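Step one of this worksheet: look at the structure below.
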Amino acid sequence: MSDGNVAADQLRLFIERIERLEEEKKGVADDIKDVYAEAKANGYDTKTMRQVVRLRKMEKHARDEADALLETYRNALGLH
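Numbering-wise, the sequence shown is residues 1 to 80 according to full-length UniProt numbering.
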């Protein structure tokens, strides 16, 4: 087998792995969508839930900085 064939085989394997992972990612995204739909059906505000999920991913110092900046902007616009 030539080096070109080995490289092509390796490339094909990488592509196939990526395709499988993309399919798994789609499945997980669908599952997340279902959880949000269930929460909404139970009266929860999914927009706020998404914000909370985003905040929980942040490190505390980054969250504190974002809160401080938001407060500064709110004060500047008179949104107390």
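The C-beta atom is built at its ideal place from N, Cα and C for all residues, glycine as well.
The structure displayed is predicted, hence computed values, not measured ones.
Nearer than 6 angstroms: is that true of the beta carbon of valine 28 relative to any heavy atom of the ligand COA?
For the structure depicted, the ligand COA is absent and the ligand set is empty, with no information on it obtainable.
First and last residue of the alpha helix (DSSP H) that includes histidine 61?
Locating residue 61 in the sequence shown gives position 61, counting from the first residue. First-last of the alpha helix (DSSP H) with histidine 61: 60-76.
Please name the residue, chosen from Asp67, Lys25 and Asp9, that lies closest to valine 52 on a Cα-to-Cα basis.
On the sequence shown, position 52 is the one that residue 52 refers to. Nearest option by C-alpha distance: Asp67.
Give a yes or no on whether the C-beta atoms belonging to leucine 70 and arginine 63 are separated by under 7 angstroms.
Within the sequence shown, the letter at position 70 stands for residue 70. Within the sequence shown, the letter at position 63 stands for residue 63. Their beta carbons are not under 7 angstroms apart, which means leucine 70 does not touch arginine 63 by this criterion.
With a cut-off of 8 angstroms on the beta carbons, I'd call alanine 39 and threonine 48 a contact; round off their distance for me.
Here residue 39 corresponds to residue number 39 of the sequence shown, with the count starting at 1. Here residue 48 corresponds to residue number 48 of the sequence shown, with the count starting at 1. A Cβ-Cβ separation of about 10 angstroms leaves alanine 39 out of contact with threonine 48 under the 8 angstroms criterion.
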